[in-house]
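J.: What follows is a single structure, and I will ask about it in a moment.
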Amino acid sequence: MTSSVTPATPVLEVRDLEVTFGSGHSAAKVLKGVSTAILRGKTLGIVGESGSGKSTLAKAIVGLNPVSAGSIAVNGKDVSRMSAAERRAMRREVQMIPQDPYSSLNPRRTIGQTLAEAIDPVRSNPRLHTDRITHWLSTIRLDPDVATRYPHEFSGGQRQRIAIARALAVEPRLIIADEITSALDLSVQAEILNLISRLRTELDLTMAFISHDLDVVHHVSDDIMVLFHGEVVELGDVDSVYGAPRHPYTRKLIDSVPGGPGFDIGERRQAAA
Ligand SMILES: Nc1ncnc2c1ncn2[C@@H]1O[C@H](COP(=O)(O)OP(=O)(O)OP(=O)(O)O)[C@@H](O)[C@H]1O
Ligand SMILES: [Mg+2]
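Residue numbering for the sequence shown follows this note's numbering, beginning at 190 and increasing consecutively.
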C-alpha cells in the first residue's frame, strides 16, 4: 500500500487519456488527450453531444475500456497498473448508476436483497442488515416496507431512486452517473435531480455526473467539463463556464438552454411536461 494519499489527492485524476477502438485502417480514436480531476466532495459535470465520448470515459475509469495512452488514477492509484485484488476493491470504490432503471435491478430480488448485497456481498442476507437497509431507503425517501417488494412494483422514477440507493449503500469513493435521467419523463427527471442535489450536500458525495444536457448538469455540479469529438473544450467551475465560456460549442450549449441559464429546472421541466 502507498502512504502518499493525502486529503488533497484527487479521488479521480485523468491525464492525457486516449482511448482508441480497433486498429489499422479501422482504428477510431474516441478520446484524444482528456485531462481532468475530481476532488473529494466535488461533482464534475460531463457534457457533450451523442458520440462525444462521455460513456467511453466512464467505462475507461472503471477499467472496462482500453487505455491507449495517458493515465487514470483513482485515489492516487493508476487503474491500468492495479493488481487483480486492487481491481476487485475498485469495483466497490467506484459505483456506476446505470441509465436504464428498468434493466438495472434484478427482477427476481427484493429491494432488500439488492441493498443487502450492496452493503455486504459476502453476508448478503437482508435480515442481517435491516437497519442499514432502512437507512438507505429513508435517504431516498422510501418507506422501510419497500424492502420486501420487487422492482416491477415500482415506477421508473422510484426504480432510479433505488438504483441510487444501491450505489450509495456500497459507500463508494466515487459515483459515476451516466445519463441517469434521460430515460425518465421530464417531471420525474426534475425529481431525480432534486434528489441528487440534496444527497450531494447531505452525504458530501464525490461524483462524475454525465449528461448531454448542460442544463441538467449545471444544477448538480461544482465543475463542468465539455467534451467535443473526444476532446475537452471546456473545463472550469460552473460559474466561470457559464459566465465566460471559452469555446463556441459551449456558447451554443448555453444559448440553447430554454429560458437561459439559471431558469429553474423544476419549472422548465414542469412547463415542458
Ligand atoms: N467498444 C467500442 N468499440 C468501438 N467503438 C466504440 C466503442 N464504444 C464506443 N465507441 C464509439 O465511440 C464514440 C463515442 O461513444 P460514447 O458512447 O462514448 O458516446 P457518448 O458521448 O456517451 O454518447 P451518448 O450521449 O449517445 O451516450 C462513438 O462513435 C461510438 O461509436
Ligand atoms: Mg453515453
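Every residue, glycine too, gets a C-beta built ideally from N, C-alpha and C.
Just verifying my parser: in three-state terms, what is the DSSP assignment at residue 415?
T.: Three-state result, residue 415: strand.
J.: Would you say residue 367 touches ligand 2, meaning its beta carbon is less than 8 Å from a heavy atom?
T.: yes
J.: In three-state terms, what does DSSP make of residue 329?
T.: coil
J.: Beta-carbon within less than 6 Å of residue 284's beta-carbon, same chain only, minus the 5 sequence neighbours each way: which residues are those?
T.: Around residue 284: 356, 359, 361, 364.
J.: Apply the 10 Å Cβ neighbour rule to residue 201 and answer buried if 16 or more other Cβ atoms are within range, or exposed otherwise.
T.: buried
J.: Tell me where the beta strand (DSSP E) around residue 218 begins and ends.
T.: 217-227
J.: Give the list of continuous alpha helix (DSSP H) stretches no shorter than 4 residues that lie fully inside the stretch 386-415.
T.: With a minimum length of 4 residues, the continuous alpha helix (DSSP H) runs that stay inside the stretch 386-415 are 403-407.
J.: Among the candidates 267, 432, 403, whose CA atom is the shortest distance from the CA of residue 279?
T.: 267
J.: Look up residue 362 in the DSSP assignment and say whether it is helix, strand or coil.
T.: coil
J.: What residues in its chain sit with their C-beta under 8 Å from that of residue 345, if we drop five residues either side in the sequence?
T.: 290, 291, 372, 373, 374, 377
J.: For residue 247 and residue 255, I'd like the C-alpha separation in whole angstroms.
T.: For residue 247 and residue 255, the distance between alpha carbons rounds to 12 Å.
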